[in-house]
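Student: Shown below is the structure under consideration.
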Amino acid sequence: MTNIIQENTIKSFQDFFSLVATGQNGDMNSFWFRGQGKSSYGLKPSLHRHESITDQISLFDMEKKLLNRFKERSIPYLKNQVSDNWEFLFLMQHHGMPTRLLDWTENPLIALFFALSTSPTNEVGDYYEDAAVWVLSPSKWNSAVFKNQSYNGGALSTSDLFVSNGYSLETEIRLLNEYPVAILGIHNSPRIVAQRGSFCLFGKSLDTMDKIFEDPTFPDDCLKKIIIPFKLIDSILKNLLWMGVTDAVIYPDLDGLSKETKRQFGYKV
Numbered sequence: 001m002t003n004i005i006q007e008n009t010i011k012s013f014q015d016f017f018s019l020v021a022t023g024q025n026g027d028m029n030s031f032w033f034r035g036q037g038k039s040s041y042g043l044k045p046s047l048h049r050h051e052s053i054t055d056q057i058s059l060f061d062m063e064k065k066l067l068n069r070f071k072e073r074s075i076p077y078l079k080n081q082v083s084d085n086w087e088f089l090f091l092m093q094h095h096g097m098p099t100r101l102l103d104w105t106e107n108p109l110i111a112l113f114f115a116l117s118t119s120p121t122n123e124v125g126d127y128y129e130d131a132a133v134w135v136l137s138p139s140k141w142n143s144a145v146f147k148n149q150s151y152n153g154g155a156l157s158t159s160d161l162f163v164s165n166g167y168s169l170e171t172e173i174r175l176l177n178e179y180p181v182a183i184l185g186i187h188n189s190p191r192i193v194a195q196r197g198s199f200c201l202f203g204k205s206l207d208t209m210d211k212i213f214e215d216p217t218f219p220d221d222c223l224k225k226i227i228i229p230f231k232l233i234d235s236i237l238k239n240l241l242w243m244g245v246t247d248a249v250i251y252p253d254l255d256g257l258s259k260e261t262k263r264q265f266g267y268k269v
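As structure tokens, this is what we get:
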């Protein structure tokens, strides 16, 4: 019997708080969050979103080409020395290059801001599609991924053998682990720090995480979905801005400052 995603549709800002408050104890059982502007979007990394390349071998070949091109062309722009491919991978993710990484955050309000601020609007600026915040238990997810290994719980780092052996950019496709793993990011940019960034690193499966979750190996409460109706987006987004969850906080640079200023003066971002 396959798992089915548990969905909760909120009716207010307070509803959202109630749903995300449970389980946030600061220990390895705490949740991660990911906001998406359309509730219909699946959970897949940017590498998998190529319009014409959809097979496994071609996508992993593309990953190597993108990594090599980025390494060759980024040198003049690097402020600090980058020592290995893992650091390059997180830099690529930070600067919008396609990777196997999928962004998550430890802060539910940041995820909510991402979801609402990226939700589409029509020609008159009205929202017309529900947004969503996904909720992940990294410990429970990883426990299912490594069910046949001596995994002790919690998110992993790139230095852990589970990751370096089963997900490395140098690993042959046939030797990669099948399912994504929840990992802590390398904090090599102010944005990752500001956004309380964490990640899921995909293996050789090209399925979305919500599709992978259908495997009954995964606990039925390790991945959930909170739907924000489009009629509530504008009012909740204003509440977030009033609480200080703004573009300039999440993007601590001139781009973030520009987006925040545009919102303050009535422009759609």
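First residue of the sequence shown? That's 1 in my numbering, and the numbers climb one at a time after it.
A virtual CB, placed ideally from N, CA and C, is assigned to each residue, including glycine.
On the CB-based measure, 16 or more other CB atoms within 10 Å of its CB, does Gly180 come out buried or exposed?
Tutor: Per the sequence shown, residue 180 should be read as Pro rather than Gly. Residue environment analysis places Pro180 among the buried positions, since at least 16 neighbouring C-beta atoms fall within 10 angstroms of its C-beta.
Student: Using a threshold of 8 Å, state whether the C-beta atoms of Glu63 and Leu43 are closer than that.
Tutor: no
Student: When we look at the beta-carbon of Gly244 and count the other beta-carbons within 10 Å, is it buried (16 or more) or exposed?
Tutor: exposed
Student: Note the first and the last residue of the continuous alpha helix (DSSP H) segment covering Asn85.
Tutor: Asn85 to His94
Student: Tell me which residues share the same chain as Phe230 and place their Cβ nearer than 8 Å to its Cβ, disregarding the 5 neighbours each side in the sequence.
Tutor: Excluding positions up to five away in sequence, the list reads Ser119, Tyr127, Tyr128, Glu129, Asp130 and Ala131.
Student: Any contact between the stretch 136-147 and the stretch 216-225? By contact I mean 3 or more CB pairs, one from each, below 8 Å.
Tutor: yes
Student: Give me the Cα-Cα distance between Gly35 and Phe113, rounded to the nearest whole angstrom.
Tutor: 7 Å
Student: Sorted by chain position, which residues of the same chain lie with C-beta nearer than 6 Å to Ser79's C-beta, five sequence neighbours on each side aside?
Tutor: Per the sequence shown, the amino acid found at residue 79 is Lys instead of Ser. Cβ within range, chain order: n/a, list empty.
Student: What residues are listed by DSSP as bridge partners for Cys222?
Tutor: Partner(s): none; Cys222 has no beta bridge.
Student: Whose C-beta lies closer than 7 Å to the C-beta of Phe13 among residues of the same chain, with five residues either side of it excluded?
Tutor: Ile236 and Asn239
Student: What do you reckon, are the CB atoms on Asp210 and Ile5 nearer than 8 Å?
Tutor: yes
Student: How far does the beta strand (DSSP E) with Asp61 in it extend, from its first residue to its last?
Tutor: Where Asp61 is concerned, there is no enclosing beta strand (DSSP E), although the alpha helix (DSSP H) it sits in stretches over Gln56 to Ser74.
Student: From Phe31 to Leu156, what does the alpha carbon distance come to, in whole angstroms?
Tutor: 14 Å
Student: Terminal residues of the continuous beta strand (DSSP E) containing Val82?
Tutor: It is not in any beta strand (DSSP E) - Val82 carries neither H nor E in the DSSP assignment.
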